[in-house]
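Mature numbering (1 follows the signal peptide of the UniProt record, and there is no 0) puts the sequence shown at residues -21 to -1, 1 to 158.
From the three backbone atoms N, C-alpha and C, an ideal C-beta is built for every residue, glycine too.
The structure displayed is predicted, hence computed values, not measured ones.
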Amino acid sequence: MKKVILLIFGVILMTSCNSLKVTTDYDTAVNFTNYKTFAFFKPGIDKADISDLDKKRILRVIEAELTAKGLTKSENPDMLVSIFTKSRERVDVNQNNFGWGWGWGWNPWMWNNGMNNVNVSQYTEGTLFIDFIDKNKKELIWQGVGTGALKIQNREKKEERIKEFVKEIISNYPPETKK
């Protein structure tokens, strides 16, 4: 029983760090079917506080995802794509008190049974903003935001995590409009 509880806790802890939270916002007055072409907005992308290699990785995945949705990269686009990033260090402390006793209340064996576990995990939490801007109006029309843990040991895992972030965010474009 004890091993089952520890296994369940371990799975919950690992999935909570690996989860990706995505939100989107958009201008409800915009008809997204009018946007057929896109280009990257270099001045905005240059401001992103990540390495040039990571910028290239992100832009490649964005381009692939938008192309898969039927948009075309163009020198004269309808829509501009920009990115922005943020990161912060997170520390999670979890304490588990497994004890035996007679229900709620005082338990004489609770403090000496060797079942008190404190787990501390530290990781970087990253946020990726993907902005779609109407080229003619110079207005933001859609924004997707993904936030999740960035536990990355090597280049392959980094590329996999970036692809996961971008795919999850872009999967919400174009927004479903109510008719």
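- Looking only at L119, S66, K26 and I41, the smallest Cα-Cα distance to V9 is reached by L119.
- Here E118 carries a strand assignment [DSSP, helix/strand/coil].
- By the C-beta criterion, the region 128 to 147 is judged to be in contact with the region 105 to 115, since at least 3 inter-stretch pairs fall below 8 angstroms.
- In summary, P22 is exposed, with fewer than 16 beta-carbon neighbours lying within 10 Å of its beta-carbon over all protein chains present.
- Here L50 is buried. Its C-beta has 16 or more other C-beta atoms within 10 Å.
- Between the region 53 to 64 and the region 24 to 33, the count of Cβ pairs shorter than 8 angstroms is three or higher; the stretches touch.
- Between the alpha carbons of I112 and S30 lies a distance of about 23 angstroms.
- If you draw a straight line from the Cα of K117 to the Cα of L(-2), it comes to about 30 angstroms.
- Leaving aside the five residues that flank F20 on each side, the residues in its chain whose CB is nearer than 7 angstroms to its CB run, in chain order, L59, V60, S61 and I112.
- Beta bridge pairing from DSSP links R67 with E104.
- Here V97 is exposed, its C-beta having fewer than 16 other C-beta atoms within 10 Å.
- Per the coordinates, the alpha-carbon of I149 lies some 33 angstroms from the alpha-carbon of V72.
- In the assembly as shown, Q74 is an exposed residue. Its beta-carbon has fewer than 16 other beta-carbons within 10 Å.
- Ranked by how close their Cα comes to the Cα of Y14, the residues S53, K34, A43 and V40 have S53 in first place.
- Counting along the chain, the unbroken alpha helix (DSSP H) around L45 starts and ends at D31 to A47.
- For V145, the uninterrupted alpha helix (DSSP H) segment begins and ends at R134 to I149.
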